[in-house]
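*Asks:* Residue numbers (our numbering), protein chains in the order written: chain A, 118 to 610; chain B, 10 to 104. Ideal Cβ placement from N, Cα and C applies to all residues, glycine included. Quick one: structure below, then a few questions.
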Amino acid sequence: MTGIERTALELLQAQAQGETAEAITQSFLQAIKQRDPHVKAFLHVDEAAALEQARAVDAKRKKGQPLGKLAGVPVAIKDVLCTNGQPTTCGSKILQYFVPPYDAHVITELKQADAVLIGKTNMDEFAMGSSTENSAFFTTRNPWDLERIPGGSSGGSAAAVAACEAPLSLGSDTGGSIRQPASLCGIVGMKPTYGRVSRYGLVAFASSLDQIGPFTHDMSDCALIMEVLAGRDARDSTSINQPVPPYSKTLDQPVKPLTIGVAKEYFSEGLDKEVEKSIRDALKVYESFGAKVKEVSLPNSPYAVAVYYLVATAEASSNLARYDGMHYGYRTKKLDPALVEKQGAMIATFMQSRGEGFGKEVQRRIMLGTYALSSGYHDEYYGKALKVRRLIKDDFDRAFAECDVVMGPTSPTAAFKIGEKADNPLAMYLSDIYTISCNLAGIAGISIPCGFTKSGLPIGLQILAAPFEEEKLLRIARMHETASGWHTKRPKM
Amino acid sequence: MAIEKEQVQWVATLARLQLSDADLAKMTQQLSAILEYVDQLKKVPTDGVEPLAHPLKVSNVFRDDAPVPSLTVDAALANAPDRTGDFFGVPPILD
């Protein structure tokens, strides 16, 4: 690969051979200038700050000082992660002018790795969506077909890497928001096991489901950035105290023997025929390596979307209660006297600020979650959903007792057209049918490119592994990559 | 199970969301469709199943009760919609 099409590893090698971090960052800033008016991946780019970081890396190298694992490599950041002194909007009018006074843990880790933070990317508002159409600002386009969605909610981060505007990016995944856009944009996207990466500084959507993860062109970059992101952080009490394996050192070791579970429930109606063929071809690649493909059943997976839209919305209704216009964020400018009369000035301010500031999808989910948790409905909805959640997790425990990983399509279709599902919330929710269970069970998942439709749209293979088996998962994903070469494809822009 | 407009209004008030009449009507229709979809959970047998609120077996995490540096007043007030001296200006809470 040359120029902006290079991977992070290639950019590190190039710097070892004399290319400057400043020149590299400049080339990606150029790419953003040329391509982003069409792709619209970025919400905020601070050129001066990015170049300053790059120059600092060059100065360190010149002085012979030790350099971090991602030295001089530009990384785009989903605007759901707090960056000190830089806007963090979560794709929402409610945080349009919010500037966090602190860095998220993963941002600190990236800075310590000498990465160059190149900009904040567009997303569905508060990470709620599967197409990036719910951003309060604009819709990001799929670099493979600008009339189509890039997926969501981390659409901006996925599009930025696919369009070679940055070699690496970060997203967040609550029901598939990294894996689905990775699949639709033809790149690698990983959701680590719940607790593997600290959520400190990640604006919360659903606290028992959210995880931060990377978008990369290939598996070597994925393994490398995972080493930087993973690990215990005292500021996130759900971050697990487990050592981080040297993922990049073991990456090229194939897993033998390998038993792959294929859930029969994932190959039913609604799955596009071209996507199905691509997945079956990928499985044949694994069989050529000597892997055994075995049918398994995840009998409760048809209920995953229903469970998610009760559990995630309930958690969201609680997490988003903080947006009340008092300490930060949007506050309504003009109070409605009739509402003040009825509710008092304080509650009227809450109601109007939130009613005016939140987009429709966010409001819908807050409403659902509030209802599911309300007195009289709590057990019937939220309580019941938590029980079915246990059954979904048990299904995976059983599958992993007889298989190393579970494989299937990441998304039932390739990228759909902008506006196609915008008026049908339920149809939109069903885009996540294959990704959602992973978050409910807290297990690890990755989407890797495995082909294209006849019309040139990317297709993704999803691989799921038991909790904290990232090392094995990455090696298994790498096996497919060595045989297929899909990771070398770049869209013509 | 469909939801009625009055219930939707009650939920909106609980959620501190002001909705216009048009939005209320649309919201009622959309929530009804979603609630009908999630109703399928009713037929899943869950007797004796423990709810799973959290994917990991975790226990409380403690730290020493020692003060550490926090945000400065200026940093904490930097995003305030209405800064009044060293305070957040807010609407009256009590009438």
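In chain order, which beta strand (DSSP E) runs of at least 3 residues are fully inside the stretch 125-185 of chain A?
*Replies:* 159-161
*Asks:* Helix, strand or coil: which one does DSSP assign to residue 307 of chain A?
*Replies:* strand
*Asks:* Helix, strand or coil for residue 523 of chain A? Go by DSSP, reduced to three states.
*Replies:* strand
*Asks:* For a quick check, are the C-beta atoms of residue 253 of chain A and residue 213 of chain A less than 9 Å apart?
*Replies:* Yes, they are a contact pair.
*Asks:* Counting only beta-carbon atoms, is residue 443 of chain A nearer than 9 Å to chain B?
*Replies:* Closer than 9 Å: yes.
*Asks:* What does the Cβ neighbour count give for residue 541 of chain A, buried or exposed, with the cut at 16 atoms within 10 Å?
*Replies:* exposed
*Asks:* In the DSSP output, which residue or residues are listed as bridge partners for residue 262 of chain A?
*Replies:* Per DSSP, A:259.
*Asks:* Which of helix, strand or coil does DSSP assign to residue 595 of chain A?
*Replies:* helix
*Asks:* Excluding the 5 residues flanking residue 11 of chain B on each side, which residues of the same chain have their C-beta closer than 8 Å to its C-beta?
*Replies:* 41, 44, 45
*Asks:* Could you give the first and the last residue of the continuous beta strand (DSSP E) run that contains residue 345 of chain A?
*Replies:* Unbroken run through residue 345 of chain A is the alpha helix (DSSP H), 336-346; no beta strand (DSSP E).
*Asks:* What do you get for residue 75 of chain B, buried or exposed, if any count of 16 or more other CB atoms within 10 angstroms of its CB means buried?
*Replies:* exposed
*Asks:* Spell out whether any CB of chain A is found under 9 Å from the CB atom of residue 53 of chain B.
*Replies:* yes
*Asks:* Between residue 447 of chain A and chain B, is there a C-beta pair that is closer than 9 Å?
*Replies:* A Cβ of chain B is located within less than 9 Å of the beta carbon of residue 447 of chain A.
*Asks:* What would DSSP say about residue 399 of chain A, mapped onto helix, strand or coil?
*Replies:* helix
*Asks:* Quick test of the definition: if touching needs 3 or more C-beta pairs under 8 Å, does the stretch 547-555 of chain A touch the stretch 599-606 of chain A?
*Replies:* no
*Asks:* Just the Cα atoms here: how many angstroms apart are residue 35 of chain B and residue 208 of chain A?
*Replies:* 23 Å
*Asks:* Provide the residue(s) that pair with residue 412 of chain A in DSSP beta bridges, ordered along the chain.
*Replies:* A:379
*Asks:* How many whole angstroms separate the CB atoms of residue 275 of chain A and residue 577 of chain A, which I take to be in contact at a CB cut-off of 8 Å?
*Replies:* So it is not a contact: roughly 11 Å between Cβ atoms.
*Asks:* Quick one: what's got a C-beta closer than 8 Å to residue 230 of chain A's C-beta in the same chain, skipping five residues either side?
*Replies:* 185, 186, 187, 188, 345
*Asks:* Using beta-carbon positions only, say whether residue 266 of chain A and residue 224 of chain A come within less than 9 Å of one another.
*Replies:* no
*Asks:* Can you round the beta-carbon distance between residue 222 of chain A and residue 349 of chain A to whole angstroms, since I take them to be within the 8 Å contact cut?
*Replies:* About 10 Å; that fails the 8 Å criterion.
*Asks:* Taking the C-alpha atoms as reference points, what is the distance between residue 280 of chain A and residue 534 of chain A?
*Replies:* 18 Å
*Asks:* Which first and last residues belong to the beta strand (DSSP E) in which residue 227 of chain A is found?
*Replies:* Unbroken run through residue 227 of chain A is the alpha helix (DSSP H), 222-229; no beta strand (DSSP E).
*Asks:* Counting only runs of 4+ residues fully inside the stretch 68-99 of chain B, write out the alpha helix (DSSP H) ranges in chain order.
*Replies:* Listed in chain order, the alpha helix (DSSP H) runs fully inside the stretch 68-99 of chain B are 82-86, counting runs of at least 4 residues.
*Asks:* Under 8 Å Cβ-Cβ, which residues of chain A neighbour residue 42 of chain B?
*Replies:* 542, 543
*Asks:* On the DSSP bridge list, what partners appear for residue 319 of chain A?
*Replies:* A:198
*Asks:* Decide if residue 308 of chain A is buried, meaning its Cβ has at least 16 other Cβ atoms within 10 Å, or exposed.
*Replies:* buried
*Asks:* Roughly how many angstroms separate the alpha carbons of residue 483 of chain A and residue 430 of chain A, rounded to a whole number?
*Replies:* So the two alpha carbons sit approximately 6 Å from each other.
*Asks:* Checking contacts by CB at 9 Å: is residue 31 of chain B closer than that to chain A?
*Replies:* no
*Asks:* Quick check on residue 287 of chain A: does DSSP put it in helix, strand or coil?
*Replies:* strand
*Asks:* Could you please give the first and the last residue of the uninterrupted beta strand (DSSP E) stretch that includes residue 237 of chain A?
*Replies:* 233-238
*Asks:* Could you give the distance in angstroms between the alpha-carbon of residue 440 of chain A and the alpha-carbon of residue 471 of chain A?
*Replies:* 7 Å
*Asks:* In angstroms with no decimal places, state the Cα-to-Cα distance between residue 591 of chain A and residue 413 of chain A.
*Replies:* When the Cα atoms are used, residue 591 of chain A and residue 413 of chain A turn out to be separated by approximately 22 Å.
*Asks:* Within 8 Å, do at least three Cβ pairs link the stretch 156-171 of chain A to the stretch 196-208 of chain A?
*Replies:* By the Cβ rule, the stretch 196-208 of chain A counts as touching the stretch 156-171 of chain A, because three or more pairs are nearer than 8 Å.
*Asks:* Considering only the beta carbon of each residue, do residue 294 of chain A and residue 271 of chain A sit closer than 9 Å?
*Replies:* yes
*Asks:* Since residue 379 of chain A and residue 596 of chain A should fall inside the 8 Å C-beta cutoff, what is the C-beta to C-beta distance between them, to a whole number of angstroms?
*Replies:* Not a contact, Cβ separation roughly 16 Å.
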